[in-house]
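Here is the structure we will look at, set down as structure tokens.
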Amino acid sequence: MVGRAQFLQASRSHAAVRGILRQIPANAFKRSYSTSGEAKRTVDAPIVGYWSLFCASMVFGIIVWGGLTRLTESGLSIVEWKPITGATLPTSEAEWESEFEKYKQFPEYHKVHIGISLDEFKRIYFMEWFHRNIGRLFGVVYLLPAAYFVSKGMVTRTGTMKIGGLGLLLLGQGAMGWYMVASGLEKELGERSDAVPRVSQYRLTSHLTLAYLLYAGLSLYGWNNFRANRLLHSKIANPDALRALQQKPAIQRFRRKIAASVVLASAACLSGGMVAGLDAGLIYNEFPQMGLGITPPLEELWNKAFARGDPSAMWRNLTENPATVQLEHRILAVSTFFVLSALWWQGRRLPLPKASRIVLHCMYGAAWLQVALGISTLVNFVPIALASAHQANSVLVLATSLGLYHTLRPLPRIIPL
3 MVGRAQFLQA SRSHAAVRGI LRQIPANAFK RSYSTSGEAK RTVDAPIVGY
53 WSLFCASMVF GIIVWGGLTR LTESGLSIVE WKPITGATLP TSEAEWESEF
103 EKYKQFPEYH KVHIGISLDE FKRIYFMEWF HRNIGRLFGV VYLLPAAYFV
153 SKGMVTRTGT MKIGGLGLLL LGQGAMGWYM VASGLEKELG ERSDAVPRVS
203 QYRLTSHLTL AYLLYAGLSL YGWNNFRANR LLHSKIANPD ALRALQQKPA
253 IQRFRRKIAA SVVLASAACL SGGMVAGLDA GLIYNEFPQM GLGITPPLEE
303 LWNKAFARGD PSAMWRNLTE NPATVQLEHR ILAVSTFFVL SALWWQGRRL
353 PLPKASRIVL HCMYGAAWLQ VALGISTLVN FVPIALASAH QANSVLVLAT
403 SLGLYHTLRP LPRIIPL
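Structure, rendered in structure tokens:
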């Protein structure tokens with residue numbers, strides 16, 4: 003080990019400092035634990051967990067701002083993809099005029115924003131520019147610390163693979179973002195009288211799916227890191243008793259039900275992406291009815307027009323018919339609410355750990371809030387504030403259900419330091 007006096011003396015020379023740092027073992031930041039018997043492995047440094055959860059919080063913010071960008075019809079205002087040079091705003095009136103002229107060449111200007119002033123264009127341009135820039139910032143916040151942690155041996159081999167996988171997901175998300183925007187810039191949207199210049203609902207939902215996966219992956223990685231390090235430092239009281247409780251058959255069955263609810267909640271969230279992509283929230287603005295009944299007429303839900311002349315393509319109603327897509331979202335959302343409510347009722351009667359019980363109540367509260375926001379958004383014709391809150395809370399529903407599942411997973415067997 004390097005003594006304090008030796009370090010202070012060496013600090014007079016940068017070369018000497020680098021020499022001393024090279025003496026520090028590569029795995030000095032790791033900690034050991036065992037999952038079975040005495041076979042030791044390592045866990046990631048605590049700071050990696052904090053970093054992972056900070057990144058997850060950034061993804062949450064990006065999801066919310068991305069929703070606002072869509073709701074304000076700003077997402078197609080920047081018609082070029084410049085990952086590096088596009089990081090700065092236009093700095094002169096001439097540059098702003100140039101960007102405005104580029105925008106005027108695409109269908110959205112002529113069908114949605116016809117006649118807007120330069121100042122109005124600047125507002126929607128800023129929304130999309132800021133969305134792209136917080137995405138760029140997230141890339142820096144993720145990739146640079148990740149490279150540092152790996153190079154300093156602060157993560158295990160398994161941790162390195164997880165970080166690499168999440169990094170690929172991040173890059174894929176950026177590529178999908180531009181692929182999505184490109185679908186709304188197609189010239190055909192201006193040539194067809196019945197076409198609305200907007201991004202493909204398929205690509206929008208894919209973009210949203212990757213964001214949810216990134217959020218979930220970063221959250222789980224951070225939570226697992228915290229739990230392993232708390233066990234390692236004996237900061238969890240009676241871990242054996244807690245582990246025995248988590249392994250009880252009733253608790254394990256409940257955990258499997260929670261896992262199924264995570265899948266259902268995710269499906270409801272992603273069906274919301276399809277609703278947004280089709281502006282399907284602007285029809286049937288009443289609840290629980292849809293027009294004169296609980297559902298629209300069958301001929302409207304299963305409309306031949308969406309098959310485009312191909313009798314075998316009637317399935318397109320499921321993903322392209324706004325009435326059908328809204329009904330699907332209603333069914334999934336209401337089903338999620340009742341399932342989460344039933345699980346809350348069941349969980350209250352189980353001997354859950356304290357942390358699990360707290361998250362259970364949070365999940366139930368988020369489910370109630372989500373239903374209230376969803377109905378309010380619909381009956382008020384999708385006001386921006388309510389619609390944005392509805393999307394933001396969907397992440398909380400996913401986070402609490404996923405968090406409850408995490409707290410019920412059996413603790414690994416740790417050898418304390």
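If you want the working numbering, it's the position in the sequence shown, counting the first as 1, plus 2.
From the three backbone atoms N, C-alpha and C, an ideal C-beta is built for every residue, glycine too.
Same chain only: Cβ atoms within 6 Å of residue i, ignoring 5 sequence neighbours per side
i	result
residue 58	217, 220 and 221
residue 405	361
residue 133	67, 68 and 71
residue 232	238
residue 2	The chain is shown from 3 up to 419; residue 2 falls before or after that span and cannot be answered.
Anticipated Cβ contact below 8 Å, residue i with residue j, distance rounded
i	j	result
residue 165	residue 148	5 Å
residue 70	residue 129	7 Å
residue 183	residue 201	6 Å
residue 287	residue 383	6 Å
residue 399	residue 289	About 18 Å; that fails the 8 Å criterion.
residue 270	residue 334	4 Å
residue 339	residue 323	In fact, because the Cβ distance is near 24 Å, the residues do not count as touching under 8 Å.
residue 396	residue 331	Not quite, the Cβ-Cβ distance comes to about 11 Å (not below 8 Å), so this is no contact.
Assigned secondary structure, residue i (DSSP; H/G/I helix, E/B strand, else coil)
i	result
residue 155	coil
residue 77	coil
residue 384	coil
residue 114	coil
residue 295	strand
residue 45	strand
residue 200	coil
residue 258	helix
residue 311	coil
residue 108	coil
residue 124	helix
residue 94	coil
residue 239	coil
residue 28	Reliability of the predicted coordinates at residue 28 is poor, the pLDDT of 44 falling under 50, and no value is obtained from them.
residue 64	helix
residue 86	coil
residue 228	helix
residue 289	coil
Option nearest residue i by Cα separation, candidates the options
i	options	result
residue 393	73, 52 and 197	73
residue 407	257, 350, 279 and 380	257
residue 284	378, 245 and 366	378
residue 411	81, 225 and 313	225
residue 109	203, 191 and 144	191
residue 157	287, 45 and 259	45
residue 127	138, 114, 139 and 105	105
residue 75	235, 302, 193 and 280	280
residue 113	195, 81, 102 and 97	195
residue 223	390, 398 and 49	49
residue 245	65, 414 and 55	414
residue 178	213, 314 and 155	213
residue 369	337, 348 and 320	337
residue 253	205, 371 and 352	352
residue 250	139, 371 and 354	354
Other residues of its chain near residue i: CB distance less than 8 Å, five sequence neighbours each side excluded
i	result
residue 310	318
residue 260	345, 403, 406, 407 and 410
residue 152	162 and 165
residue 297	303 and 329
residue 122	115
residue 185	201, 202 and 205
Cβ neighbours of residue i in the same chain (closer than 7 Å, five flanking residues each side left out)
i	result
residue 172	141, 144 and 216
residue 263	341, 342, 345 and 403
residue 180	83
residue 98	92, 120 and 124
Interface flag, residue i vs chain B, CB-CB below 9 Å
i	result
residue 281	The structure shown contains no chain B; it holds only a single protein chain.
Ranges of the alpha helix (DSSP H) found wholly within the stretch 313-375, counting only runs of at least 4: 319-322 and 324-349
Sequence ranges, alpha helix (DSSP H) only - wholly within the stretch 133-197, length at least 4: 159-185 and 190-193
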